[in-house]
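Chemist: In my numbering, the protein residues as written are 27 to 168. Quick one: structure below, then a few questions.
In structure tokens:
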């Protein structure tokens, strides 16, 4: 049994990551932008050459099926702003989190975020894990 809540959280994260890594390794660059349905959210090259996620400020009906590329961008966005918040920084805006592209660039990006998260996690004490988290809902951390 882990000696602390942080060690338990780390164990849970490592287990989840190992399962994620198993699937991540099997993805080809083509898999990231494969559209599984007509109504789909994906990543598109913007005018400046950067990848831009499909987005709506209100949930569309029907809800679009996301591509693997869109899901990996979304994971990267939330993970990036969570790391920002945990380090006491102002979280980046959604539009500031860039998806690096299909295939190995995204795999490397997610692995980098994993390393950043583990560095943050290693600094936390059990008291930190007990504290209310104001992000993402600043006015109601419950």
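Think of the CB as a built atom: it goes at the ideal place given N, C-alpha and C, for glycine as much as any other residue.
What residues in its chain sit with their C-beta under 7 Å from that of residue 99, if we drop five residues either side in the sequence?
Modeler: 69, 79 and 125, listed in sequence order.
Chemist: Determine the burial state of residue 97: buried for a count of at least 16 other Cβ atoms within 10 Å of its Cβ, exposed for fewer.
Modeler: The residue in question, residue 97, is exposed, as its Cβ has fewer than 16 Cβ neighbours within 10 Å.
Chemist: Looking at residue 104 and residue 143, is the spacing between their C-beta atoms short of 8 Å?
Modeler: No.
Chemist: For a test of the three-state rule: what should DSSP assign to residue 71, helix, strand or coil?
Modeler: It is a strand residue.
Chemist: Is the beta carbon of residue 129 closer than 8 Å to that of residue 55?
Modeler: Yes, the Cβ-Cβ distance between residue 55 and residue 129 is below 8 Å.
Chemist: What is the residue span of the alpha helix (DSSP H) that residue 131 lies within?
Modeler: Here the alpha helix (DSSP H) through residue 131 covers 130-149.
Chemist: Residue 49 to residue 108, Cα distance in whole Å?
Modeler: Looking at the two C-alpha atoms, the distance is approximately 23 Å.
Chemist: From residue 45 to residue 73, what distance separates their C-alpha atoms?
Modeler: Approximately 36 Å, taken between the alpha carbons.
Chemist: Assuming contact is defined by CB atoms lying nearer than 8 Å, are residue 32 and residue 110 in contact in what I supplied?
Modeler: Contact: no.
Chemist: Rounded to whole angstroms, what's the CA-CA distance from residue 10 to residue 123? Just pull it up for me.
Modeler: The question about residue 10 has no answer here: the residues shown for the chain are numbered 27 through 168.
Chemist: Where does the unbroken beta strand (DSSP E) through residue 79 begin, and where does it stop?
Modeler: Where residue 79 is concerned, the enclosing beta strand (DSSP E) stretches over 77-79.
Chemist: Under the three-state reduction of DSSP, which class applies to residue 97: helix, strand or coil?
Modeler: Three-state result, residue 97: helix.
Chemist: For residue 92, which of helix, strand or coil comes out of DSSP?
Modeler: Residue 92: strand per DSSP, three-state reduction.
Chemist: Out of 134, 71 and 154, point me to the one whose CA is closest to residue 53's CA.
Modeler: Checking every option, the nearest Cα to that of residue 53 belongs to 134.
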